[in-house]
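Participant: Sharing a structure, written as structure tokens. Questions coming.
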Amino acid sequence: MIKFEAVTKRFPNGTTAVHDLTLEMAEGGITVLVGSSGCGKTTTLRMINRMVEPTSGTIHVGGKDVLAQDAAELRRSIGYVIQQSGLFPHRTILDNIATVPLLLGWGRRRARARAAELLETVGLPADAGKRYPHQLSGGQQQRVGVARALAADPPVLLMDEPFGAVDPVVRTQLQDELLRLQQELGKTIVFVTHDIDEAVRLGDRIAMFRTGGHLVQCATPAELLARPADDFVADFLGAERGLKLLSLSTLAGVPQQRAATLRSDEPVAAAAGDGRWQLVVSPKGEPRGWLDTDALPARGVAGDAQLLPVRPLRDVDSLLSALNESVASPAGLVARVDADGVLTGVSAREVIHDKAGEWHGSAATGAAPAPAGPAETAASTKADPAATTAATASDADSPATEADSPQAADPADLTATGPAAQPAEPAAATKTDPAATAGPDATATPLKGGTS
Ligand SMILES: Nc1ncnc2c1ncn2[C@@H]1O[C@H](COP(=O)(O)OP(=O)(O)OP(=O)(O)O)[C@@H](O)[C@H]1O
Numbered sequence: 001m002i003k004f005e006a007v008t009k010r011f012p013n014g015t016t017a018v019h020d021l022t023l024e025m026a027e028g029g030i031t032v033l034v035g036s037s038g039c040g041k042t043t044t045l046r047m048i049n050r051m052v053e054p055t056s057g058t059i060h061v062g063g064k065d066v067l068a069q070d071a072a073e074l075r076r077s078i079g080y081v082i083q084q085s086g087l088f089p090h091r092t093i094l095d096n097i098a099t100v101p102l103l104l105g106w107g108r109r110r111a112r113a114r115a116a117e118l119l120e121t122v123g124l125p126a127d128a129g130k131r132y133p134h135q136l137s138g139g140q141q142q143r144v145g146v147a148r149a150l151a152a153d154p155p156v157l158l159m160d161e162p163f164g165a166v167d168p169v170v171r172t173q174l175q176d177e178l179l180r181l182q183q184e185l186g187k188t189i190v191f192v193t194h195d196i197d198e199a200v201r202l203g204d205r206i207a208m209f210r211t212g213g214h215l216v217q218c219a220t221p222a223e224l225l226a227r228p229a230d231d232f233v234a235d236f237l238g239a240e241r242g243l244k245l246l247s248l249s250t251l252a253g254v255p256q257q258r259a260a261t262l263r264s265d266e267p268v269a270a271a272a273g274d275g276r277w278q279l280v281v282s283p284k285g286e287p288r289g290w291l292d293t294d295a296l297p298a299r300g301v302a303g304d305a306q307l308l309p310v311r312p313l314r315d316v317d318s319l320l321s322a323l324n325e326s327v328a329s330p331a332g333l334v335a336r337v338d339a340d341g342v343l344t345g346v347s348a349r350e351v352i353h354d355k356a357g358e359w360h361g362s363a364a365t366g367a368a369p370a371p372a373g374p375a376e377t378a379a380s381t382k383a384d385p386a387a388t389t390a391a392t393a394s395d396a397d398s399p400a401t402e403a404d405s406p407q408a409a410d411p412a413d414l415t416a417t418g419p420a421a422q423p424a425e426p427a428a429a430t431k432t433d434p435a436a437t438a439g440p441d442a443t444a445t446p447l448k449g450g451t452s
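Using the UniProt record's numbering, the final residue of the sequence shown is 452, and nothing's skipped along the way.
As structure tokens, this is what we get:
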């Protein structure tokens, strides 16, 4: 969908921001550009919609040379989302979202109807449409920024650190939303971030740059983590890259075994001889907590206060979560539940660790990763709901396979003159210059799912 061929960008002050870049970005995928500050990510992104003109080389979008197209038209046809959302402060949310359709001459009624539809798409309530940007939280504003970029249904979205200014919780929510939307819409997305975790979570492919605008490696997240091209990439990925790799596989292929359970909503009487750790479940079968029977007087009665916390995981949860939980679990067992939260079995720490090692090995050798689909955990993994006790923790080894700012531009100017009136590359324009990033065309044009 997007093809860079021998592209170089040298700014008038002599800085080479991008050096001889040849890179292809697949249709319908998320390509994440990562690298340390000043390595040319934003410049690369902005050359796609000609907010920055390449010094040499060619860029094709959808088979067409961008330099052969009208710059303003090109910008309106490509979604663009920036860090500070770049909303117009004196325009309502609906009008902000409707900006590009209006510029494209859709007519007010149709443009607003589309804007209202998009509010819902990005998970905002309908009444948010009447508000002004300052009346929304930062995270909500970013959603509006995404909605605005999607307004004219562009095939390509450019996203420049769109979630950089929100707290980690909101950031994760926005990433989830983006992945959900991407499954629905299948856009070609180019996403800039300096956060490698974000890149691993979102990217189908990750392009890593180093200072001077050099592309060092472009690969899938698993390839990158398992086989970094050089020390620079390995350092950037960090000492925990082996663990990060585990975030890319799920628990689905990990064998389960039946759990020693006690079914009760009430304080429970621990039965002797059932092993040290028992999982107390509700009458419906939802895990409530671990019970250490050794800590009880013989045949003693346990109240909720004696239950140790359990954090059950589903098949879609990552191996990383499983490893983490297996370490945290007092029993060394991970409780597994189905989509309704009902216990299906437990997996032992050792089993999870082995699976993690296998996954790492296959990624490192480039072998196709074992499919981690739910099929591997057959329904037979379910513990018998009628059972109050079954295997004990000591059975763990058994192979239980049963188991930019709004001030940027005056909206009036926008509608009057259209984005085309803005120079593609304003003097001294940098990505922190709101006027450069949130100009009408900027707004006119600037959004993959994962396991937890
Ligand atoms: N308009 C400009 N004029 C001169 N130099 C520029 C201009 N825009 C960017 N640069 C320089 O080009 C290099 C690449 O900048 P760019 O913004 O593309 O990097 P980046 O990887 O996106 O950085 P960051 O992660 O800090 O946002 C930097 O050295 C920057 O100072």
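We treat Cβ as the ideally placed atom computed from N, Cα and C, and that holds for glycine.
Please give me, in chain order, every unbroken run of the beta strand (DSSP E) with length at least 3 that falls completely inside the region 77–123.
Facilitator: DSSP runs (the beta strand (DSSP E)) wholly in the region 77–123: 78–81.
Participant: Tell me where the beta strand (DSSP E) around Glu223 begins and ends.
Facilitator: Run containing Glu223: none in the beta strand (DSSP E); it sits in the alpha helix (DSSP H), Pro221 to Ala226.
Participant: Tell me which same chain residues have a C-beta within less than 7 Å of the C-beta of Glu5, skipping the five on either side of it?
Facilitator: Excluding residues within five positions, the ones whose Cβ falls inside 7 Å are Thr22, Gly57 and Thr58.
Participant: May I ask you to list the residues that DSSP assigns as paired with Cys218?
Facilitator: Beta-bridge pairing links Cys218 to Ala207.
Participant: Thinking C-alpha only, which one of Asp127, Arg91, Ser347 and Leu67 is nearest Glu325?
Facilitator: Per the Cα distances, Ser347.
Participant: Compute the minimum distance between the beta carbon of Thr55 and the heavy atoms of ligand 1, and state whether it is under 7 Å.
Facilitator: Result no, Cβ not under 7 Å from ligand 1.
Participant: Since Val61 and Pro162 are thought to touch, with beta carbons under 8 Å apart, how far apart are those beta carbons, to the nearest angstrom?
Facilitator: Val61 to Pro162, Cβ: 20 Å. No contact.
Participant: Please check if any C-beta of chain B sits within less than 8 Å of the C-beta of Asp354.
Facilitator: No chain B is present in this structure, which holds just one protein chain.
Participant: Check whether the Cβ atoms of Pro154 and Leu87 lie closer than 8 Å to each other.
Facilitator: No, the Cβ-Cβ distance between Pro154 and Leu87 is not below 8 Å.
Participant: Lys64 bridges to which residues according to DSSP?
Facilitator: Beta-bridge pairing links Lys64 to Val61.
Participant: Is there contact between the region 207–227 and the region 306–315, where contact requires at least three CB pairs shorter than 8 Å?
Facilitator: No, the region 207–227 is not in contact with the region 306–315.
Participant: In the DSSP assignment, find the beta strand (DSSP E) that holds Glu24 and state where it starts and stops.
Facilitator: Run containing Glu24: Thr16 to Met25, per the beta strand (DSSP E) assignment.
Participant: Here's the rule I'm using: 16 or more other beta-carbon atoms within 10 Å means buried, otherwise exposed. How should Asp294 be labelled?
Facilitator: That one is exposed.
Participant: Please classify Gln84 as buried or exposed, where buried requires at least 16 neighbouring CB atoms within 10 angstroms.
Facilitator: Under this definition Gln84 is a buried residue.
Participant: Ends of the alpha helix (DSSP H) at Glu184?
Facilitator: Segment Pro168 to Leu185, the alpha helix (DSSP H) holding Glu184.
Participant: Among the residues of its own chain, which have a CB less than 6 Å from the CB of Val170, if the five just before and after it don't count?
Facilitator: Contacts found: Gly139.
Participant: Using three-state DSSP, classify Lys284 as helix, strand or coil.
Facilitator: If DSSP states are grouped into helix, strand and coil, Lys284 belongs with coil.
Participant: Taking 7 Å as the cut-off, is the beta-carbon of Thr172 closer than that to any non-hydrogen atom of ligand 3?
Facilitator: Only ligand 1 can be found as ligands here, which leaves ligand 3 out of the picture.
Participant: In the DSSP assignment, what are the bridge partners of Lys3?
Facilitator: The partner list for Lys3 (beta bridge, DSSP) reads Glu24 and His60.
Participant: How close, in whole Å, do the beta carbons of Thr250 and Ser318 come, if the pair is a contact with beta carbons under 8 Å?
Facilitator: Contact holds; Cβ gap of about 6 Å.
Participant: To the nearest angstrom, how far is the alpha carbon of Ala147 from that of Asp95?
Facilitator: So the two alpha carbons sit approximately 11 Å from each other.
Participant: Identify the residues that DSSP records as bridge partners of Ala335: which are they?
Facilitator: In DSSP, Ala335 forms a bridge with Val346.
Participant: How long is the line joining the alpha carbons of Ser329 and Leu202, rounded to whole angstroms?
Facilitator: Looking at the two C-alpha atoms, the distance is approximately 29 Å.
Participant: With distances taken Cα to Cα, identify the nearest neighbour of Leu45 among Met25, Lys64 and Gly63.
Facilitator: It is Met25 whose Cα lies nearest to the Cα of Leu45.
Participant: Using a 10 Å radius around the Cβ and a threshold of 16 neighbouring Cβ atoms, would you call Asp321 buried or exposed?
Facilitator: In the sequence as displayed, the identity of residue 321 is Ser instead of Asp. Classification of Ser321: buried, given that the 10 Å Cβ count is 16 or more.
Participant: For the beta strand (DSSP E) that Asp160 lies in, which residues bound it at each end?
Facilitator: Where Asp160 is concerned, the enclosing beta strand (DSSP E) stretches over Val156 to Asp160.
Participant: How close, in whole Å, do the beta carbons of Lys9 and Pro54 come, if the pair is a contact with beta carbons under 8 Å?
Facilitator: With 8 Å as the limit, Lys9 and Pro54 qualify as a contact, their Cβ atoms being about 6 Å apart.
Participant: Could you compute how far the alpha carbon of Val351 sits from the alpha carbon of Phe236?
Facilitator: Approximately 30 Å, taken between the alpha carbons.
Participant: I believe Leu102 touches Arg108 by the beta-carbon criterion, under 8 Å. Please report the beta-carbon distance rounded to the nearest angstrom.
Facilitator: At roughly 7 Å, the Cβ-Cβ gap stays under 8 Å, so Leu102 and Arg108 are in contact.
Participant: Within its chain, find whatever has a CB closer than 6 Å to the CB of Asp195; leave out the 5 residues flanking it on each side and keep chain order.
Facilitator: Nothing listed; no residue qualifies.
Participant: Residues in its own chain within less than 7 Å of Phe232 by CB, not counting five upstream and five downstream?
Facilitator: So the list reads Arg210 and Val216, once near-sequence residues are dropped.
Participant: How big is the Cα-Cα spacing for Gly357 and Val327?
Facilitator: About 15 Å.
Participant: Are the CB atoms of Val144 and Leu157 within a distance shorter than 8 Å?
Facilitator: Not a contact, by the Cβ cut-off of 8 Å.
Participant: So what does Phe191 bridge to, in DSSP terms?
Facilitator: DSSP output for Phe191 lists Val32 and Met159 as bridge partner(s).
Participant: Mind checking whether the beta-carbon of Gly186 lies closer than 7 Å to any heavy atom of ligand 1?
Facilitator: It does not: the Cβ of Gly186 is nowhere closer than 7 Å to a heavy atom of ligand 1.
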